[in-house]
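Heads up: the structure comes next, in structure tokens.
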Amino acid sequence: FQPVKIAPSILSANFMNLRADIAAIEEAGAGYVHVDVMDGHFVPNLTMGVPLLKQLSRATELPMDVHLMIANPLEQIPWFVDAGADSITVHAEALGVDELVRAVALIRESGCAPAVSVKPGTPVEALLPVLGEVDMVLVMSVEPGFSGQSYIAGSEGKVAQVVAASRALGVAPLIQVDGGIGPATAPLVAAAGADVLVCGNAVFAADDPGAALREVAAAADA
Ligand code: DX5
Ligand code: ZN
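Here UniProt numbering is used: position 68 in the sequence shown is 69, and no number is missing along the way.
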């Protein structure tokens, strides 16, 4: 049994005080820094990219977990590799099957951990072409685009489906869940088999981000 890891999403951090926010999550035992890259095309919102990742990755030893919500990941993967990504997640919806396979291989060849994600409305079958090749699967529990949304009820069922599909293939990628995760929802997804929980507002909207992180981790492992 491995304790669940928390990946705070920097999108919800205080950009005027990033160093203190990073220190707080380091100290509280975060497993990764989750970096939400949105391009205004694949999702309506526009967030952050290479320049911020470059500086963040130099500022902490925590691994950079880059979630690409962009329309052209194949073109941009090398940029994020160079900027210090440790894991890179691409969306199955952004790519045709051949491109998805190529993107995962490119991430692997670049020395990063490849991961694949599906939006809430996308069936687990969309993961199958790369399920045997990825180190992590990201199950979205909100529509990607914005932090601070409510967990879509029943998303833990998708986690269980990914666990079952992985077992059937004889592989065991980490399973990450992203969207509306906090002390109330962490136990549901952890019980279903989640290994990594992304937390935006649950951590960074709190007065004490470190204490909030510990609270989610404790709820997940209870
Ligand atoms: C949504 C992003 C999430 C989001 C999480 O598109 O992928 O990582 O920032 O924020 P919360 O935890 O507030 O839902
Ligand atoms: Zn994310």
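Glycine is no exception: its CB is placed at the ideal position from the N, C-alpha and C atoms. Everything numeric in this text was worked out from a predicted model, so none of it was measured.
Considering only the alpha carbon of each residue, which of 144, 77 and 97 lies closest to residue 122? For this step, residue 122 is matched to residue 121 along the sequence shown. Of the candidates 144, 77 and 97, the one whose C-alpha sits nearest the C-alpha of residue 122 is 144.
State yes or no: is the C-beta of residue 36 within less than 8 Å of the C-beta of residue 57? Locating residue 36 in the sequence shown gives position 35, where the first residue counts as 1. Locating residue 57 in the sequence shown gives position 56, where the first residue counts as 1. It is a contact, given that the beta carbons lie within the stated cut-off.
Would you report the Cα separation of residue 217 and residue 33, rounded to the nearest angstrom? For this step, residue 217 is matched to residue 216 along the sequence shown. For this step, residue 33 is matched to residue 32 along the sequence shown. So the alpha carbons of these two residues sit roughly 15 Å apart.
Taking 6 Å as the limit between beta carbons, can you name the residues of its chain near residue 215, skipping five residues before and five after? Here residue 215 corresponds to residue number 214 of the sequence shown, with the count starting at 1. 29.
Name the DSSP beta bridge partners of residue 49, please? Counted from its first residue, the sequence shown places residue 49 at position 48. The partner list for residue 49 (beta bridge, DSSP) is empty, contrary to what the question assumes.
Range covered by the alpha helix (DSSP H) that runs through residue 22: Residue numbering aside, residue 22 sits at position 21 when the sequence shown is read from its first letter. 19-28 is the extent of the alpha helix (DSSP H) around residue 22.
Touch test, the stretch 83-102 against the stretch 63-70, Cβ-Cβ under 8 Å, three pairs minimum: Pairwise C-beta distances place the stretch 83-102 in contact with the stretch 63-70, as three or more of them are shorter than 8 Å.
Supposed contact pair residue 136 and residue 116 - C-beta distance, whole angstroms, cut 8 Å: Position 115 of the sequence shown, counted from the first residue, corresponds to residue 116. Position 135 of the sequence shown, counted from the first residue, corresponds to residue 136. Between the beta-carbon of residue 116 and that of residue 136 there is about 6 Å, and that keeps the pair under the 8 Å contact cut.
Cβ of residue 199 versus every heavy atom of the ligand COA: is any distance shorter than 7 Å? Among the ligands in the structure shown, the ligand COA does not appear; only the ligand DX5 and the ligand ZN can be found there.
Please return the same chain residues whose Cβ sits closer than 7 Å to the Cβ of residue 131, not counting the five positions on each side in sequence. Position 130 of the sequence shown holds residue 131. Cβ neighbours of residue 131 beyond the five flanking positions: 101, 102, 105 and 117.
Using only the heavy atoms of the ligand DX5, determine whether one of them is closer than 7 Å to the beta carbon of residue 16. Counted from its first residue, the sequence shown places residue 16 at position 15. False, no ligand heavy atom lies under 7 Å from that Cβ.
Could you work out which residue in 41, 31, 86 and 21 is closest to residue 52 when comparing CA atoms only? Numbered from its first residue, the sequence shown carries residue 52 at position 51. Among 41, 31, 86 and 21, the Cα nearest to that of residue 52 belongs to 86.
Under the criterion of a Cβ to heavy atom distance below 7 Å, does residue 37 qualify as lining the ligand ZN? Start at 1 with the first residue of the sequence shown, and residue 37 comes out as number 36. Flag set: Cβ of residue 37 near the ligand ZN.
Is it buried or exposed, residue 124, if we count other Cβ atoms within 10 angstroms and call 16 or more buried? Counted from its first residue, the sequence shown places residue 124 at position 123. The residue in question, residue 124, is exposed, as its Cβ has fewer than 16 Cβ neighbours within 10 Å.
Whole-angstrom Cβ separation of residue 184 and residue 25, contact assumed at under 8 Å? As a working note, residue 184 is residue 183 in the sequence shown. As a working note, residue 25 is residue 24 in the sequence shown. So it is not a contact: roughly 17 Å between Cβ atoms.
Three-state secondary structure (DSSP) at residue 179? By one-based count along the sequence shown, residue 179 stands at place 178. Residue 179 falls in the strand class under three-state DSSP.
Rounding to the nearest angstrom, what Cα-Cα distance links residue 10 and residue 133 in this structure? As a working mapping, residue 10 is identified with position 9 in the sequence shown. As a working mapping, residue 133 is identified with position 132 in the sequence shown. Straight-line spacing of the CA atoms in residue 10 and residue 133 works out to 26 Å.
Is it buried or exposed for residue 62, if we count other Cβ within 10 angstroms and need 16 for buried? Here residue 62 is taken as the residue at index 61 of the sequence shown, counted from 1. Exposed, by the Cβ-count rule.
With distances taken from CA atoms, which of 149, 173, 110 and 41 is nearest residue 160? Translated into positions along the sequence shown, residue 160 becomes position 159. Among 149, 173, 110 and 41, the Cα nearest to that of residue 160 is on 173.
Do residue 213 and residue 204 have their C-beta atoms closer together than 8 Å? By one-based count along the sequence shown, residue 213 stands at place 212. By one-based count along the sequence shown, residue 204 stands at place 203. In contact: residue 213 and residue 204 (Cβ atoms closer than 8 Å).
Checking 8 Å against the spacing of the C-beta atoms, do residue 22 and residue 14 come in under that value? The residue given as residue 22 occupies position 21 in the sequence shown. The residue given as residue 14 occupies position 13 in the sequence shown. Yes, they are a contact pair.
Secondary structure at residue 99, three-state DSSP: helix, strand or coil? Residue mapping note: residue 99 aligns to position 98 of the sequence shown, counting from 1. If DSSP states are grouped into helix, strand and coil, residue 99 belongs with the helices.
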